[in-house]
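To start, the structure itself, in structure tokens.
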Amino acid sequence: MARKNKPEVKEISYAKWGYLFIAPFFIAFVVFQLVPLAQTVYYSFFEYYRSGLTVIGPTPVGLDNYKELFNSDFLKYFGNTVILWLAGFIPQIVVSLLLAAWFTDVRLKIKGKQFFKVVIYMPNLIMASAFAMLFFALFSNNGPVNATLVSLGILDHPFRFLSSVAGTRGLVALMNFLMWFGNTTILLMAAVMGISPSLFEAAELDGCSPRQTFFRVTLPMIRPILVYVLITSMIGGLQMFDVPQILTNGKGSPDRTVTTLIMYLNNHLFSKNYGMAGAVSVVLFVICAILCLLVYFNLNPTENDRKIKKRDRFKPRKEALNG
Amino acid sequence: MKKGFKAVLSLALAGAMIFGMTACGGGGGEEASGEAGKVLNIWCWNDEFQTRFNDYYPEVKEVAEDGSTTTLNDGTVVNWIIEPNEGNNYQNKLDEALLNQESAAADDKVDMFLVEADYARKYTNSDSTMNIADLPGVLDATSDQYEYTKEVVSDADGNVKGVSWQACPGLIAYRRSIAKEVLGTDDPAAVQEAVADWDKFAETAQKMKDAGYFMLSGYDDTFRPFYNNDAAPFVEDGKTLNVDKNIMDWVAMTKDYTDKGYNNKTSLWSDDWNADQGKDSKVFCIPACTWEIDFTLTGNADPDGTKDPAQSAWGDYAVCVGPVNWCWGGTWLTAATGTDNADLVADIMTKMTTDPEILNKIATEKGDFVNSKSVIKDLAANYEGNDFLGGQNHYALLSDAAEGLSLKIASPYDQGIIEKMQAAMKDYYDGTVDLDTAKANFEKSIKEIYPEIETVNWPK
């Protein structure tokens, strides 16, 4: 026993490296997302704001913030948000489908596809706030659009876009459409190109018209991607903020008809009202969750039954949001 | 060996990732200085005071190329922190800094910050501002200043908490060329006759319209003359907002003017509002304040700085008193509690707001109505006239009015209230909503931004 028996074979565990490498994400996630998330919910039950340089609260007030929220024009802002989103999303999905169908159609042989793809994606590269500033300048009362319309004789006097409900909402919708239709087109093209060509060939042999092919073959085959586009766009739409905020200079005017839910939330941060802002966030979160579940289960009924597909389920990605 | 290296490397990588994720939230960070001396942090919302300081403070040695800092003769670096005012942005950022004042490092402390009348009381009623009696020499030097400029920055016990280099009597600035064409004369006394009260003002507006001009640029131009003559502050007890009858008179008059086509439907500070002060504008006059002559009008009337009447509206403006006496704010310097440079702050306050020589230069070169009765008296008698105003001596015109100015109606909430009032009423003038909806929208906005305000009372 003088000599120790042969050295033990150390067990090599690679798992710790795995944990180490994913640790940064989880640390950052907990510190910067999970804790603030929990705090948001927590403070929504408190009176907690700043009056001048004095901090009021936090004093627990139960559900008072939620009561006040539902007594306010919350539904109107929800309606505004949905209208602004739909007004941008409907043309966006129509145009994107059309472009995707054309660009992927083997018989059309469109030249310069790559070029068009780049061009239609371009508006998405501009920062939303910069884009809104640009539109603000272009469509201002004495801006170039009005100057052109008047000098061409189309209008007698400048149209005050930002003083009219339809004008302001229209501009927001137009911007969201321009910014996101390229992104959607590319997603849908990828989906269409993923369909087996033999299906199209078979359809052609059976004498389908292009329209029939589109509605009977293409559309059903890309439904999962359509659901993904719809959900991400819906979440992005509900969180619409920067474009209307900057276009209306934070006012949501005229008559608060361009005030979206997040702009309403932002108004509460004027006096750092964490209680009310928290309540708005929580309600918004619940609405988002309900809508997503509705869309998911209605448009994708078979998806969950098929075990194989489960891995491919789409999770809405935060960055890809909006209009 | 190898394993150890791997561990270090992976830790370093992990660290780098975390750093990368958090770095963007840091917001700026270190100070560029470090060579010599101390740092003086001055907070403001535009470059009005900064340019005056750089031009006239005797200790200035050099100004950084990007204008962000000014170096003084003793090596002190003055650090300018400029945050735009609108939407409470300036106040929110400043509040954050003041609440962290105690724990901040000496060079990061707020030493001095500027306030406007619309929210001066918020800070002067708090412990964040120093009593100027505690700053060596400042209070004694202010004896020649206009009373109202001290009154608005005094706390409940009468302690003065700030000083200003300007008093801000309101006036009507008008285009000489349009006055000659429509009224037959551009003489300030004759034009004053035509706008002596609001009835005559409306008559003149009709004449302007008939001749193809607008009396005013936009909706908000006449707000301040009405608001400044309110009977009581908007908010007195911290809970109730009382809208004065004067404000409703402003609403009624502006709606009437808009419907009759007397104004060009612009909003304050918007592009078309600025453009309406230029050479090609059809707008006759703008109710303005003395600080606007240099800060707003000159730049808009002569954007290229030509000083040439042929190419710009330089020299085509003149001023008269207008229908009522009023004033619009001003800018006050306050010393932040906890400053580590109190002596320097005191010196800046004394020199920039009471030194007759400096004030004289500010008046003659920038057109400010400076805050010294004796300097103004001297200018009223001896000033040869302001070129931009076609050689008019506006100090002679306004020196009497300045004695009677008051900002008693200022409350800590006024910036938000005024912004929201003008925004809500714009919809009414535009014809998008009726008056009751506009009022309701105003109340909603107020409850969002000031949760402590429980009721809004409108005049009968």
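Top to bottom, those sequences are chains A and B.
The first sequence maps to residues 4 to 326 in our numbering.
The second sequence maps to residues 28 to 487 in our numbering.
Every residue gets a Cβ at the ideal spot worked out from N, C-alpha and C, and that includes glycine.
Minimum Cβ-Cβ distance from residue i to chain D less than 8 Å
{"i": "residue 262 of chain B", "result": "In the structure shown, chain D does not exist; the protein chains are A and B."}
Where residue i falls: helix, strand or coil (DSSP)
{"i": "residue 252 of chain A", "result": "coil"}
{"i": "residue 392 of chain B", "result": "helix"}
{"i": "residue 10 of chain B", "result": "No answer is possible for residue 10 of chain B: the residues shown for chain B start at 28 and end at 487."}
{"i": "residue 195 of chain B", "result": "coil"}
{"i": "residue 443 of chain B", "result": "helix"}
{"i": "residue 202 of chain B", "result": "strand"}
{"i": "residue 245 of chain B", "result": "strand"}
{"i": "residue 484 of chain B", "result": "strand"}
{"i": "residue 231 of chain B", "result": "helix"}
{"i": "residue 2 of chain A", "result": "This structure leaves residue 2 of chain A out entirely; chain A is present only between 4 and 326."}
{"i": "residue 56 of chain B", "result": "Low per-residue confidence applies at residue 56 of chain B: pLDDT is 37, beneath 50, and the placement is therefore not dependable, though the value from the model is reported in the following sentence. Residue state, collapsed to three classes: coil."}
{"i": "residue 170 of chain B", "result": "helix"}
{"i": "residue 262 of chain A", "result": "coil"}
{"i": "residue 86 of chain B", "result": "coil"}
{"i": "residue 16 of chain A", "result": "coil"}
{"i": "residue 155 of chain A", "result": "coil"}
{"i": "residue 219 of chain A", "result": "helix"}
{"i": "residue 61 of chain B", "result": "Caution applies to residue 61 of chain B, whose pLDDT of 41 falls short of 50 and renders its modelled position unreliable; the model cannot decide the point."}
{"i": "residue 268 of chain B", "result": "strand"}
{"i": "residue 77 of chain B", "result": "helix"}
{"i": "residue 419 of chain B", "result": "strand"}
{"i": "residue 179 of chain B", "result": "coil"}
{"i": "residue 70 of chain A", "result": "helix"}
{"i": "residue 351 of chain B", "result": "coil"}
Limits of the alpha helix (DSSP H) - the one that residue i falls within
{"i": "residue 143 of chain B", "result": "Run containing residue 143 of chain B: none in the alpha helix (DSSP H); it sits in the beta strand (DSSP E), 139-143."}
{"i": "residue 293 of chain A", "result": "277-302"}
{"i": "residue 77 of chain A", "result": "77-107"}
{"i": "residue 175 of chain A", "result": "168-196"}
{"i": "residue 133 of chain B", "result": "Here residue 133 of chain B belongs to no alpha helix (DSSP H), and DSSP marks it neither H nor E."}
{"i": "residue 459 of chain B", "result": "Here residue 459 of chain B belongs to no alpha helix (DSSP H), and DSSP marks it neither H nor E."}
{"i": "residue 254 of chain B", "result": "250-254"}
{"i": "residue 98 of chain B", "result": "It is not in any alpha helix (DSSP H) - residue 98 of chain B instead sits in the beta strand (DSSP E) that spans 96-99."}
{"i": "residue 325 of chain B", "result": "325-328"}
Spatial neighbours of residue i in its chain, beta-carbon cut-off 6 Å, leaving aside the 5 residues before and after
{"i": "residue 472 of chain B", "result": "447"}
{"i": "residue 320 of chain B", "result": "394"}
{"i": "residue 438 of chain B", "result": "260, 261, 262"}
Where the beta strand (DSSP E) through residue i begins and ends
{"i": "residue 312 of chain B", "result": "312-316"}
{"i": "residue 462 of chain B", "result": "Careful: residue 462 of chain B lies outside any beta strand (DSSP E), inside the alpha helix (DSSP H) at 462-476."}
{"i": "residue 69 of chain B", "result": "66-71"}
{"i": "residue 58 of chain A", "result": "57-63"}
{"i": "residue 107 of chain B", "result": "104-109"}
{"i": "residue 124 of chain A", "result": "No beta strand (DSSP E) contains residue 124 of chain A, which is instead part of the alpha helix (DSSP H) from 116-124."}
{"i": "residue 226 of chain A", "result": "Premise fails: residue 226 of chain A lies in the alpha helix (DSSP H), 226-241, not in any beta strand (DSSP E)."}
{"i": "residue 346 of chain B", "result": "344-347"}
{"i": "residue 186 of chain B", "result": "Neither: residue 186 of chain B is in no beta strand (DSSP E) and is coded neither H nor E."}
{"i": "residue 50 of chain A", "result": "49-54"}
Sequence-distant residues of the same chain with beta carbon closer than 7 Å to residue i, five excluded per side
{"i": "residue 467 of chain B", "result": "none"}
{"i": "residue 412 of chain B", "result": "418, 419, 420"}
{"i": "residue 327 of chain B", "result": "301, 304, 305"}
{"i": "residue 111 of chain B", "result": "72, 117"}
{"i": "residue 83 of chain A", "result": "260, 261, 262, 263"}
Nonlocal neighbours in the same chain, by C-beta distance under 8 Å from residue i, ignoring five residues either side
{"i": "residue 95 of chain A", "result": "179, 180, 183, 184, 187, 236, 326"}
{"i": "residue 451 of chain B", "result": "465, 466, 468, 469, 472"}
Of the residues that make up the segment 249-273 of chain A, which ones have a beta carbon closer than 7 Å to any beta carbon in chain B? Going along the segment 249-273 of chain A in chain order, one finds 253, 254, 256, 257, 258, 259, 270, 271, 273 with a Cβ nearer than 7 Å to chain B.
Meets three-Cβ-pair contact criterion under 8 Å: the segment 432-445 of chain B and the segment 10-30 of chain A: Contact fails: fewer than three Cβ-Cβ distances are below 8 Å.
Could you list the residues in the segment 132-146 of chain A with a C-beta less than 7 Å from some C-beta on chain B, going in chain order? 143, 144, 145
Taking a Cβ distance cut-off of 9 Å, strictly less, list which residues of the segment 43-59 of chain A are near chain B, in chain order. 50, 52, 53, 54, 55, 56, 57, 58, 59
Give, in chain order, every residue of the segment 286-302 of chain B whose Cβ lies closer than 8 Å to some Cβ of chain A. 292, 293, 297, 298, 299, 302
Interfacial residues, the segment 162-187 of chain A to chain B, with Cβ spacing under 8 Å: From the segment 162-187 of chain A, only 163, 166, 167, 168 have a Cβ closer than 8 Å to chain B.
Residues in the segment 72-100 of chain A having any Cβ partner in chain B nearer than 8 Å: 75, 76
Residues of the segment 460-482 of chain B in Cβ contact with chain A at a cutoff of 9 Å, in chain order, please. 460, 464, 465, 468, 471, 472, 474, 475, 476, 477, 478, 479
Contact residues within the segment 425-457 of chain B, judged by C-beta distance below 8 Å to chain A: Cβ contacts with chain A: 439, 443, 450, 453, 454, 457.
Inspect the CB distances between the segment 61-69 of chain A and the segment 44-52 of chain A and report whether three or more fall short of 8 Å. yes
If the cut-off is 9 Å on Cβ atoms, which residues from the segment 101-114 of chain B count as contacting chain A, listed in chain order? 113, 114
Tell me which residues of the segment 273-295 of chain A have at least one Cβ-Cβ distance to chain B shorter than 9 Å, keeping chain order. 273, 274, 275, 276, 278, 279
Would you call the segment 280-296 of chain B in contact with the segment 242-250 of chain B, where contact means no fewer than 3 C-beta pairs closer than 8 Å? yes
Is the segment 127-145 of chain B close to the segment 331-340 of chain B, with three or more CB pairs under 8 Å? no
Return the residues of the segment 142-154 of chain B that lie within a Cβ-Cβ distance of less than 7 Å from chain A, sorted by chain order. 149, 153
To be precise: take each residue of the segment 117-132 of chain B, compare its Cβ to all Cβ atoms of chain A, and keep it if any distance is under 8 Å. Which residues remain? 119, 122, 125, 126
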